[in-house]
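Below: one structure, written as structure tokens.
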Amino acid sequence: MNIDKLHFRPYRIVRDLVANGDLLLFRRRSLISIAGRGEHSHVAKAARWDGDLFCLEVREWYGGRAVTLSSQVSRHPGRIDVFAANAGERWEDYHRDGALLIMRRLAGCDYGYRNVLAASLLHLPIARLFAKPITDDGSQTALPPFCSEAIAHAERTGGGVDPVPHLADRLTEPADLARSPFYQYKFTLIS
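What follows is the structure in structure tokens.
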């Protein structure tokens, strides 16, 4: 999804409008955003615990972790887009808490460097000629996930909804999630 007009909102004012389970897409020009044909290079989920708002993510250099969303907004002001999960409540069987449980259980896991490399190699012109699209979510590897793979897996296995049907979780990129009809842009956080 290409966001035509960003709605910048101060975190302290819209903090209560970030729902448990909302998608957090980080905009940054990088190899991931270029290869993925989008503007986002990282993705996470928002989660509330005892009144605090957290960012659940699987991030390069860190792996799976939970950090306060306010700390991420301070580090990346104007670069975190908030998307509502289950836009318009169209997916009646969606289990938001189940998806968040899967993401919480990823805390402490390693980052899936090998999986992100394998997914990125499929963007090479020669590889695209010979590689068949992998659409089977059962084709998961035993390797640790990367950010968007973790989100797609959590939504599908814990939430009961595949946000990017016809694409295996291990090939899902941030841009694929941004274009998914399962999510809808709300606003962009500034400090």
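For what it's worth, the working numbering labels the leading residue of the sequence shown as -17, then goes sequentially. We put the beta carbon where it would ideally sit given N, CA and C, even for glycine. Since we're looking at a predicted model, the values are computed, not measured.
Query	Result
Can you tell me which of the three DSSP states THR139 falls into?	helix
Leaving aside the five residues before and after ALA69 along the sequence, list all residues of the same chain whose C-beta is less than 8 Å from its C-beta, in chain order.	PRO163, PHE164, TYR165, GLN166
So what's ALA124 in DSSP terms, helix, strand or just coil?	coil
Start and end of the beta strand (DSSP E) containing VAL64?	62 to 67
Would you mind working out which of ARG30, LYS(-13), ALA26, SER56 sits nearest GLY45, comparing C-alpha positions?	ALA26
Could you say which of MET85, SER52, ASP4 lies nearest to PHE65 if we only look at CA atoms?	ASP4
Under 7 Å Cβ to Cβ from PRO59, same chain only, skipping five residues before and after it: list those, please.	ILE172, SER173
Assign TYR(-7) to buried or exposed, taking buried as 16 or more other Cβ atoms, counted over all protein chains shown, within 10 Å of its Cβ.	buried
Under three-state DSSP, which class holds PRO(-8)?	strand
Quick check on the burial criterion: 16 or more other C-beta atoms within 10 angstroms. Buried or exposed for SER15?	Residue confidence for SER15 is low, a pLDDT of 41 falling below 50, so the modelled location carries little weight; the figure read from the coordinates is stated next. Buried.
So what does DSSP say about LEU99, is it helix, strand or coil?	helix
Do you know offhand how far LEU82's Cα is from LEU(-1)'s?	18 Å
Inspect the beta-carbon positions of PRO127 and VAL40 and report whether they are closer than 8 Å.	yes
How far does the beta strand (DSSP E) with ARG10 in it extend, from its first residue to its last?	That residue, ARG10, is in no beta strand (DSSP E); it is neither H nor E in DSSP.
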